[in-house]
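Chemist:
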Amino acid sequence: MTDKAPFFKMISLAIFSAVSIAYEIFVMRAFSIGNWSNFGFLVISTALLGFGLAGTLLCYFSKSLKANPGRWIGVTGSLFGPSMVMGFVIVQQIPFNPIFLTSGLHQLLWIGLYYLLYGIPFFIIALFIGVMFVSMSSRINRLYFWNMAGSGLGGLLILVFMYFIPPQFLMIPLLLLSVLAAIFGIVETRPEAGVVSINKKYLVANIILLVASLAAVVFLGEIKVSEFKSISYVRNYPDEQVIHHSYSPQGELHVFSSSRFHSAPGSSDIAIYELNEIPKQDFAGLFTDGDGPFLIMGELIQSQAAYMDYLPMAAPYMILQNPDVLLANLNGGISAQLALYKNARQVTIAEPNYELVNLLKDTPTIMEYNDNLFHNDKISIQITNPRAWCASHTENHDLIEISLIDSIGSVMATGQSVHENFTYTRESISAYMNALSDDGILSITVWNGLIPPRNVPKILTTVITTLCELGFTDISKHLFAFDLHRSTATILVKKSPFLTDELDKLVKFVTSRAFDLVYYDGMPPVQADPKNIMAVYRNFYTNEVSSAESTPEFKSCDFYHFLIKDMLSGREAALYQEFVFDITPMTDDRPYYSVYLKPAMFGHYIDQMRDIMEEWGFVLIIGVLIQSILFGALIIFIPMANRFKALFEHKRTALRVIIYFSCLGIGYMFMEIFLIQKLTFFLSDPTYSTSIVLTSMLVLSGIGSITSGKFKLASKSVVRLAVAGIVICTLFYLFGLSPLLNALLDSHFALKLVISILVIAPAAFFLGMPFPNGLRSVGVDTPQLLPWAWGMNGAFSVTGTVLSRLLSITLGFSSVLAITAAVYLMAAIFFPWKPALHHKQTAENEG
120 MTDKAPFFKM
130 ISLAIFSAVS
140 IAYEIFVMRA
150 FSIGNWSNFG
160 FLVISTALLG
170 FGLAGTLLCY
180 FSKSLKANPG
190 RWIGVTGSLF
200 GPSMVMGFVI
210 VQQIPFNPIF
220 LTSGLHQLLW
230 IGLYYLLYGI
240 PFFIIALFIG
250 VMFVSMSSRI
260 NRLYFWNMAG
270 SGLGGLLILV
280 FMYFIPPQFL
290 MIPLLLLSVL
300 AAIFGIVETR
310 PEAGVVSINK
320 KYLVANIILL
330 VASLAAVVFL
340 GEIKVSEFKS
350 ISYVRNYPDE
360 QVIHHSYSPQ
370 GELHVFSSSR
380 FHSAPGSSDI
390 AIYELNEIPK
400 QDFAGLFTDG
410 DGPFLIMGEL
420 IQSQAAYMDY
430 LPMAAPYMIL
440 QNPDVLLANL
450 NGGISAQLAL
460 YKNARQVTIA
470 EPNYELVNLL
480 KDTPTIMEYN
490 DNLFHNDKIS
500 IQITNPRAWC
510 ASHTENHDLI
520 EISLIDSIGS
530 VMATGQSVHE
540 NFTYTRESIS
550 AYMNALSDDG
560 ILSITVWNGL
570 IPPRNVPKIL
580 TTVITTLCEL
590 GFTDISKHLF
600 AFDLHRSTAT
610 ILVKKSPFLT
620 DELDKLVKFV
630 TSRAFDLVYY
640 DGMPPVQADP
650 KNIMAVYRNF
660 YTNEVSSAES
670 TPEFKSCDFY
680 HFLIKDMLSG
690 REAALYQEFV
700 FDITPMTDDR
710 PYYSVYLKPA
720 MFGHYIDQMR
730 DIMEEWGFVL
740 IIGVLIQSIL
750 FGALIIFIPM
760 ANRFKALFEH
770 KRTALRVIIY
780 FSCLGIGYMF
790 MEIFLIQKLT
800 FFLSDPTYST
810 SIVLTSMLVL
820 SGIGSITSGK
830 FKLASKSVVR
840 LAVAGIVICT
850 LFYLFGLSPL
860 LNALLDSHFA
870 LKLVISILVI
880 APAAFFLGMP
890 FPNGLRSVGV
900 DTPQLLPWAW
910 GMNGAFSVTG
920 TVLSRLLSIT
930 LGFSSVLAIT
940 AAVYLMAAIF
950 FPWKPALHHK
960 QTAENEG
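Basically the numbering used here = 1-based index in the sequence shown + 119.
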C-alpha cells in the first residue's frame, strides 16, 4: 500500500488555504459594516503579517519542527478555527474609530491591537502551511499549487455564502470547513500494514472546540456597528421602522422609514418663505453597510411639487425644453422626479449596482412606497456604468446630470476613507461631453461643506482641463457655476457657448433662489483679493494661525471664481503649487476625489490635525505604513538576535535571500493591489474585484508554480523566464489595459468576469514561479534560511500592500506598475543560488 499521508495533508492544506482567504474577505465585510469600507489593504496586510511572524517563529523551533511535524500540524490545525472566532469577537469590543485619527493618534494603538487579534488566526494557519513547506520541501511546487488553488477557491466560496448567509453568521461554514481540514491533517498512515487512522486525541479536541466556537458565533458574533455611523443615529429615531433588509456581496441593505427623513438638497431658505407650505414629501433612508442615508423619494405630493423648482439641479431646465436626460446613478428618485416634473421627454438612468436597481425598481415594498416611479414609460434604467453608456451608445442627450452621488464635502460627513472614484476623472468628463447633443449641458452638483474648500476646486480643475484637451477654444463661454455656502455647488458645462438670453435666465434663477454666483462669461468683477484668499488658507496651516483669526471675510464662491479665472488664464501650475491642498485634476491613473493632502505639507497638517478630519483615510494609510515597517523590521531582525552565525554562515547567500524574498513580497502585492484597484472600476464593485483578483491570482499562481516544476531548467533560469513574462505583462498593463477595459466597459457582467480573469491570467501565471523556485533553491543549499526567507516574504508583503496604496494615491497606478517591474528585475539579479548548486540542478533536470 502506498503512503497516502501526503495526499491527505495536501487536501488539508487546500481547505485551510480556502478558509483563510474566505476569512480574510469576511473580515473586510465586517470592517465595511462595523466601521467603514475600503479597509481591504489593512486586512490583507494583517494576514501577511501573520505569515511573517510565523516564519520568524519557525526559525527558532526548526529542530522541534523536523523532529515532530505531525504535532505541529495537529495543534495548529485544531486552533485555527477557534482563533478566527476569538479574534473576531474580541475585536468587536475595541473602540477604534478612524474619524478620531486626526484628533488623537492614540487610535493607531487600536490599529495595532487590530493587527494582533486579526493576525492570530493568520499566524496559526501560516505556521500550519510553513510546517508543510519545511517538512515536505521536496514537494514544494505541488504544495504551493494546492496552497494557491485552495486559496483561490476560498475567494469564490465566500462570495456564494454572502448571498445566502447573514453577515454575522458567515463564520459558521468557515468553522465547519476548518474542522474538516484539521481532520484531514491528522490522518495517520502505516503503508506497510495497510492502515489509515485518525489521531483520536486531536479529533476529540476539534469537536469540543467546534461546539464552543459555534456557540460564540451565535451568541457573541454580532458585528458591532460604530456609534458614529449614520445607521446608528437612525436607529435612535422614535418612529424608525425597517421596511426592507437584504444582503449580498455588494453590501447589507437596510431601508428605514421615518418622519425625520427630509430632502431638498441645495435648496436655500428662501423656498420656505415663497412656497405656500413647507414641503412634507416622504423619504425613506437606504443604508448600505450602515452608510447613508441614500434617500428614496416616496410618491410625489403634487400639491407640494413646486419646491423642486428651488433645487440647484433645476437650473439647466431653465434653458432646456423637453430634454432627453441621462442621470448618472439612481440617486433615490429625486432627480428622476425632477426630470419628469420638468417635462423631460425621456429619462435614461445608468446605474451599475444591480442590487440597488432591483431594490428600487422591483421590490414590492419599495415599489408601493415610490408609486412605481421607475416603471414610468418615460424612464429607462440601464444596469451599466454611466461612462460606459456614454461611450457605447450613439444617441446623444440634451442633459447629463451627476448629482450628489456621495457625501464628500457634506457638512454632515465626518470623514472619508480613501477609495477610487472614476466618476469625475478627466476621461469620464470627456465621455460625458462627447455624449451630449450639440446644445447639450453637463450638470454636476456636489456638496460644498469643506473649509478650506477642496472637493469643488478639484472638480473645477478637472472639468476645465478636460475641456482644454477636447479642443474647446473659449472655455469661459461654456461655463456657468453657482453655489450655496456650506451646502452645494453646481457646475454647468454647455457643449456650445451659452447664449446671452440663456445666461440671463440662469442668472435670474440663481439670484431669485438666493444662490451665490460663481462664474459665467461677462460676470461683474468680484470684490475680493485672490492673493489674500490663498494666503489665509495657507497661513492657517503653515503659521499655526488660530481658527478665529484665519476665518476669511469672503465666501467660497469668491475662491472658486478666482480659481476658474486662473485656470482660464493658464496659471494653473502656480495655483496647484500655492494652494494648501492638492486640487490637481483627477485622472483614471489617480482617481482620488477624497484625497487632498500634499505629502510635502504633511508636517504642517499634523499641527492642525483637528481641522483635517475629512482626511482620516490618508492619515490611516500613513500610520499603517509606519506600523508595517516596524513589524517587518522585527520579523527580519529578531531571528538574527541569537542565530546570526547560523543565518549568515554564507553571507553572500544570506544577503541575496533578504533582497530576493523582500522584492517578491513587495512586487506580488504591488501587482495584486493594482489589479484590485483597476478592476474595481471595470466591475463597479470592490467586493467582486477583490474576490476575483484574489481567486484568479492565487489559482493561476499555483498553476504557474506546478508548471515551473516541470521545466528542465535550473531554478535561476526559471525565475529569469518568469520575470521576463512579468515585465511583458506590466508593459501591457501600462499601455494596453485602460483602452481595453474602456472598450469593454458596457459588457454584460458575466462577460466582464471572464475578461477580468483573462487580464489577470498571464501575470498571475508568471508571478507564481519565483517564490517556490526561490524556496527550493534555499531549501537545498541553505535550509536553515528557509523559514526566515518565507517569513521575510510575508513581512515585506505587509509593507507592499500599504505602500502600493500610498504610491497609487501620490504618484498614480502607472508608477506602481513601473516600480513592480523594477522590483522583479532586481529579484532576478539577486536570485539566491550557488554555481555548484546550479550545475547540480541542471544535471538532475536533464537526467
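Every residue gets a Cβ at the ideal spot worked out from N, C-alpha and C, and that includes glycine.
These numbers come from a predicted model, not from an experiment.
Note down the Cα distance separating Leu339 from Val208, rounded to an integer number of angstroms.
Modeler: The straight-line gap from Cα to Cα measures roughly 6 angstroms.
Chemist: Report the three-state DSSP secondary structure of Leu618 (helix, strand or coil).
Modeler: Residue state, collapsed to three classes: coil.
Chemist: Under a Cβ-count criterion, where at least 16 other Cβ atoms within 10 Å of its own Cβ denotes burial, should Ser297 be classed as buried or exposed?
Modeler: Flag for Ser297 reads buried.
Chemist: Closest Cβ-Cβ distance between Ser615 and chain B: below 8 angstroms?
Modeler: Going by chain labels, chain B is absent from the structure shown, which holds only one protein chain.
Chemist: Compute the beta-carbon to beta-carbon distance between Leu246 and Leu294, rounded to the nearest angstrom, for a pair I have assumed lies under 8 angstroms.
Modeler: 19 angstroms between Cβ atoms; not a contact.
Chemist: Would DSSP call Asp388 helix, strand or coil?
Modeler: The answer is coil: DSSP assigns Asp388 none of H, G, I, E or B.
Chemist: Helix, strand or coil, according to DSSP, for Gly271 in the structure here?
Modeler: Three-state result, Gly271: helix.
Chemist: Helix, strand or coil for Ser422 per DSSP?
Modeler: Reduced to three states, the DSSP call for Ser422 is helix.
Chemist: Per DSSP, Met416 forms a beta bridge with which residues?
Modeler: Bridge partners of Met416: Phe402.
Chemist: Please report how far the alpha carbon of Ile420 lies from the alpha carbon of Asp401, in whole angstroms.
Modeler: For Ile420 and Asp401, the distance between alpha carbons rounds to 9 angstroms.
Chemist: Please specify which runs of the beta strand (DSSP E), each continuous and at least 3 residues long, are wholly inside the segment 475-554, giving them in chain order.
Modeler: You should have 498-501 and 516-522.
Chemist: Let me confirm a value: Asn489 is counted as buried when at least 16 other C-beta atoms fall within 10 Å, else exposed. Which label applies?
Modeler: Buried, by the Cβ-count rule.
Chemist: Determine the DSSP secondary structure at Ile610, reduced to helix, strand or coil.
Modeler: Strand at Ile610.
Chemist: Have a look at Leu262 and Gln696 and give me their C-alpha separation to the nearest angstrom.
Modeler: Computed Cα separation, rounded: 53 angstroms.
Chemist: Sorted by chain position, which residues of the same chain lie with C-beta nearer than 6 angstroms to Ile438's C-beta, five sequence neighbours on each side aside?
Modeler: Excluding residues within five positions, the ones whose Cβ falls inside 6 angstroms are Glu621 and Lys624.
Chemist: Can you give the Cα-Cα distance for Phe135 and Met281, rounded to whole angstroms?
Modeler: The alpha-carbon atoms of Phe135 and Met281 are separated by roughly 19 angstroms.
Chemist: May I ask you to report which of helix, strand or coil DSSP gives Gly823?
Modeler: It is helical.
Chemist: Using C-beta distances below 7 angstroms, list every residue in its chain close to Ile825, excluding the 5 sequence neighbours before and after it, in chain order.
Modeler: These residues qualify, in order along the chain: Asn260, Arg261 and Phe264.
Chemist: By the DSSP assignment, the alpha helix (DSSP H) with Asp635 in it spans what residues?
Modeler: Looking at the DSSP string, Asp635 is not in any alpha helix (DSSP H); the run it does join, the beta strand (DSSP E), is Asp635 to Tyr639.
Chemist: Specify, as a first and last residue, the run of the beta strand (DSSP E) that Ala600 falls within.
Modeler: It spans Leu598 to Leu603 - the beta strand (DSSP E) in which Ala600 sits, taken as one unbroken run.
Chemist: Using the beta-carbon count (16 or more within 10 Å), is Ile326 buried or exposed?
Modeler: That one is exposed.
Chemist: Would you identify the three-state DSSP class for Leu956, choosing helix, strand or coil?
Modeler: Residue confidence for Leu956 is low, a pLDDT of 46 falling below 50, so the modelled location carries little weight and cannot support an answer.
Chemist: CB-CB under 8 angstroms to Val626, same chain, minus the five flanking residues each way: which ones, in chain order?
Modeler: Around Val626: Leu636 and Tyr639.
Chemist: Leu449 and Glu470 - do their beta-carbons sit closer together than 8 angstroms?
Modeler: Yes, Cβ-Cβ distance for Glu470 and Leu449 is below 8 angstroms.
Chemist: Can at least three beta-carbon pairs, one atom from the segment 600-611 and one from the segment 676-696, be found at a separation below 8 angstroms?
Modeler: Contact holds: three or more Cβ-Cβ distances are below 8 angstroms.
Chemist: Restricting to Cα atoms, I'd like to know which of Ile879, Tyr660, Val699 and Thr585 is closest to Leu687.
Modeler: Answer by Cα proximity: Thr585.
Chemist: So who's on the other strand from Val655, going by DSSP bridges?
Modeler: Its beta-bridge partners do not exist; DSSP assigns none.
Chemist: Among residues of its own chain, excluding the 5 on either side of Ser556, which ones have a beta-carbon nearer than 6 angstroms to its beta-carbon?
Modeler: Within the same chain, Ser556 has close Cβ partners Asn515 and Asp517.
Chemist: Going by other Cβ atoms of all chains shown within 10 Å of its Cβ, with 16 needed for buried, is Tyr392 buried or exposed?
Modeler: By the 10 Å Cβ count, Tyr392 comes out exposed.
Chemist: Using 8 angstroms as the Cβ pair cut-off and three pairs as the minimum, do the segment 298-306 and the segment 193-201 touch?
Modeler: Short answer: they touch.
Chemist: Expressed to the nearest angstrom, what Euclidean distance is found between the alpha-carbon atoms of Tyr807 and Gly274?
Modeler: The alpha-carbon atoms of Tyr807 and Gly274 are separated by roughly 10 angstroms.
Chemist: In terms of residue numbering, what span does the beta strand (DSSP E) encompassing Gly370 cover?
Modeler: Element bounds for Gly370: Gly370 to Ser376.
Chemist: Within 10 Å of its beta-carbon, does Leu618 have 16 or more other beta-carbons around it, so buried, or fewer, so exposed?
Modeler: So Leu618 counts as exposed.
Chemist: Suppose you measure from the CA of Asn651 to the CA of Asn658; what does that come to, to the nearest Å?
Modeler: Approximately 10 angstroms, taken between the alpha carbons.
Chemist: When you compare the segment 853-865 with the segment 908-919, are there three or more beta-carbon pairs, one atom per stretch, that lie closer than 8 angstroms?
Modeler: Not touching, per the Cβ criterion.
Chemist: Along the chain, where does the alpha helix (DSSP H) that runs through His680 open and close?
Modeler: Unbroken alpha helix (DSSP H) run through His680: Ser675 to Leu687.
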